[in-house]
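K.L.:
A single structure is presented below for examination.
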Amino acid sequence: MLLWGEDVTTNGYFRRIGSAGFLLSCLVLAGCNTADLTTPDVTNARATGFVDIKPGSEEEFILNVGRRIYFEQGSAVITDEARMTIVRQADWLKKNKGWLIKVQGHADDPGGESANKALSTKRAEAVLNALAEQGVSRKRMWAKGYGIERPVTDCDEITCQSQNRRVVVNLREEFDASAPGR
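Written out as structure tokens, the structure is:
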């Protein structure tokens, strides 16, 4: 009879079975997988939580290109990092000409309401102009500044507020009421 911590001789081999060794053996065996990982139904299986992203879709734009541009406090100047995002956006938008583009500017709390509205509009126009410089038709785009009306987060810390200093490039199927001349 095998007991914990007992010396055992089997087929001429001597071994010591202890509680730690037994537990380790159980864990090793429990981790063994007998499935053939090279079969097509395992290697080509759809990963859970992911969906098929269609080329040219809004999901592709959001996930693979990025739609947000961030700014320094009180500034509408496009940073080098933001410019790289704008170049990616422009490349995608030039390939997917069926989309209209609403460029939405936002601001954080410092300053008055009218100053934030003006700053958010300048940010939206700066991104719109940068997209146009990259070859995206101005006929497809319009800019709208929202000031502090639509914060991503409401907090007192500067690092947290920085999320609100942004422009969001939104894809649209048609012009909305905020588009000029509509």
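Residue 176 in UniProt numbering sits at position 176 of the sequence shown, with consecutive numbering throughout.
Just so it is clear, CB atoms sit at the ideal spot from N, CA and C, and this is done for glycine as well.
Is the beta carbon of N164 closer than 8 Å to that of residue 214?
P.N.:
No answer is possible for residue 214: it lies beyond the span of the chain, which begins at 1 and ends at 182.
K.L.:
Would K102 be called buried (16 or more neighbouring beta carbons within 10 Å of its own) or exposed?
P.N.:
buried
K.L.:
Which first and last residues belong to the beta strand (DSSP E) in which R166 is found?
P.N.:
That run of the beta strand (DSSP E) goes 166-172.
K.L.:
Inspect the CB distances between the stretch 59-75 and the stretch 132-148 and report whether three or more fall short of 8 Å.
P.N.:
no
K.L.:
Just mark M141 as buried or exposed, buried being the case when its beta carbon has 16 or more other beta carbons within 10 Å.
P.N.:
buried
K.L.:
Mind reading off the beta-carbon distance from L93 to R172? Whole number of angstroms is fine, and I expect it under 8 Å.
P.N.:
That pair is no contact at about 12 Å.
K.L.:
Quick check on A76: does DSSP put it in helix, strand or coil?
P.N.:
coil
K.L.:
Would you please state the rounded distance, in angstroms, between the beta carbons of S178 and G147? I believe it to be under 8 Å.
P.N.:
The pair is not a contact, with the Cβ atoms about 14 Å apart (cut-off 8 Å).
K.L.:
Please classify P40: does DSSP put it in a helix, a strand, or coil?
P.N.:
Reliability fails at P40, whose pLDDT of 44 lies under 50, so the model's placement of it is uncertain and no value is given.
K.L.:
Going by DSSP, what residue range makes up the beta strand (DSSP E) through A177?
P.N.:
Boundaries cannot be given for A177, as no beta strand (DSSP E) includes it and DSSP labels it neither H nor E.
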